[in-house]
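Residue numbers (the working numbering): 267 to 530. Glycine is no exception: its CB is placed at the ideal position from the N, C-alpha and C atoms. Single-structure report; data block below.
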Amino acid sequence: MDLILLQGTAPIPISGYLVCFAPLAAIVLGLIVLFVWTDRHAARPYLRFNPFVAVGATEKQLAERPAAIGETPAGPLGGTVPPGMTTVSLGGQGIVAVPKEDVPPPAAPDTQPAFEGESPAVYPPNLGQVTGIDLPGVDQSAAPPTAATRAVQPAPVLAITFIEYDPPGDDLQGEYVLIRNTTAAAIDLTGWLLRDDGAKHSYRFPAFTIAAGGEVKLWSKSGANDPSNLYWGSRRPIWNNTGDTAILTDASGVEVSRYSYGTK
267 MDLILLQGTA PIPISGYLVC FAPLAAIVLG LIVLFVWTDR HAARPYLRFN
317 PFVAVGATEK QLAERPAAIG ETPAGPLGGT VPPGMTTVSL GGQGIVAVPK
367 EDVPPPAAPD TQPAFEGESP AVYPPNLGQV TGIDLPGVDQ SAAPPTAATR
417 AVQPAPVLAI TFIEYDPPGD DLQGEYVLIR NTTAAAIDLT GWLLRDDGAK
467 HSYRFPAFTI AAGGEVKLWS KSGANDPSNL YWGSRRPIWN NTGDTAILTD
517 ASGVEVSRYS YGTK
């Protein structure tokens with residue numbers, strides 16, 4: 267068997283290491299230089315701006331405060347400015363230092379408020395209308411109310427305020443209609459008419475005057491009239507227990523009051 271002798275290799279020269287690691291060292295050194303250069307303002311606090319400093323802080327307080335982390339360069343536009351001075355930019359003409367009191371305040375906008383004056387006397391003709399949607403049973407063609415039509419309607423001079431249509435015991439003996447004078451003057455009811463729905467029953471008032479703010483009960487039964495009670499003289503109950511309507515008209519036939527009820 268023949269012996270095979272391995273010949274040893276020669277050592278790598280220093281120049282070989284330099285060829286491999288020199289570019290890496292140059293990159294690291296370049297990054298270090300870049301970081302130092304970009305952070306060259308770290309030791310110049312007057313170029314730093316802290317958005318969390320109080321608005322009313324004095325110049326002395328601003329100068330004595332420590333630098334805040336994450337502040338961005340700001341302050342005077344380059345160079346050291348004497349006390350009481352500030353810098354302004356003139357665009358293409360460069361930056362100049364001027365006294366702080368000579369710097370004009372920001373111009374106020376010349377626009378007028380969007381809403382001013384009194385509300386209109388009438389509403390727009392299309393107020394409350396819904397376009398593009400069919401609303402069943404809603405008339406959208408009607409004009410909205412104006413200031414004149416929105417006026418409160420006066421209360422009736424006489425008002426039917428209550429009907430006892432299903433009293434305990436005999437209906438005929440306990441039925442009555444309560445009518446109130448809502449004015450401050452007496453009202454003559456002579457010739458006035460009270461009827462039920464459909465005018466199946468009607469009562470013509472005799473010569474009778476109801477006092478100012480007074481009330482009168484019109485009973486369905488028979489009896490003797492007095493200043494607070496009138497009697498229909500019916501032989502049967504008048505007001506339906508399942509629901510009915512009482513209508514009061516004046517001597518000329520104009521409806522003055524209406525009262526409707528359902529079952530108890």
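Residue i vs residue j beta-carbon contact at 8 Å
| i | j | result |
| --- | --- | --- |
| Ile429 | Ile445 | no |
| Asn491 | Lys483 | no |
| Asp510 | Asp463 | yes |
| Ala478 | Ala452 | yes |
Rounded distance between the beta-carbons of residue j and residue i, thought under 8 Å
| i | j | result |
| --- | --- | --- |
| Ser523 | Leu424 | 6 Å |
| Leu455 | Phe474 | 5 Å |
Residue i to residue j span [Cα, whole Å]
| i | j | result |
| --- | --- | --- |
| Ala465 | Pro434 | 26 Å |
| Pro365 | Lys326 | 18 Å |
| Val299 | Ala292 | 10 Å |
| Val294 | Asp368 | 50 Å |
| Asn480 | Val443 | Residue identity differs from the one stated: residue 480 is Gly in this sequence, not Asn. Approximately 14 Å between the Cα atoms of the pair. |
| Ala512 | Ala450 | 24 Å |
| Gly440 | Gly499 | 13 Å |
| Asp432 | Pro503 | 10 Å |
| Tyr527 | Glu521 | 18 Å |
| Gly519 | Asn506 | 24 Å |
| Tyr497 | Trp485 | 5 Å |
| Tyr525 | Phe471 | 18 Å |
| Pro311 | Leu290 | Model confidence at Pro311 stands at a pLDDT of 48, short of 50, so the residue's coordinates are unreliable and nothing is read from them. |
| Thr353 | Phe301 | 29 Å |
| Thr515 | Thr508 | 24 Å |
| Trp458 | Thr448 | 16 Å |
| Ala363 | Met351 | 6 Å |
| Cys286 | Pro348 | 54 Å |
| Tyr469 | Arg501 | 13 Å |
| Pro493 | Leu438 | 21 Å |
| Thr338 | Ala288 | With a pLDDT of 40 at Thr338, under the threshold of 50, the predicted position of this residue should be treated as unreliable, though the coordinate-derived value follows. Straight-line Cα distance between these residues: approximately 36 Å. |
| His467 | Ile476 | 22 Å |
Limits of the unbroken alpha helix (DSSP H) element including residue i
| i | result |
| --- | --- |
| Leu438 | Asp437 to Gly440 |
Identity of the residues DSSP links to residue i by a beta bridge
| i | result |
| --- | --- |
| Asn495 | Lys483 and Asp492 |
| Asn447 | Leu424 |
| Arg461 | Ser468 and Ile513 |
| Thr475 | Asp454 |
| Pro365 | Met351 |
| Ile429 | Val443 |
Endpoints, beta strand (DSSP E) assigned at residue i
| i | result |
| --- | --- |
| Thr511 | Asp510 to Thr515 |
| Glu521 | Glu521 to Tyr527 |
Any non-hydrogen atom of the ligand SAM closer than 7 Å to residue i Cβ
| i | result |
| --- | --- |
| Leu297 | As presented, the structure is devoid of all ligands, the ligand SAM included, so that no description of it is given. |
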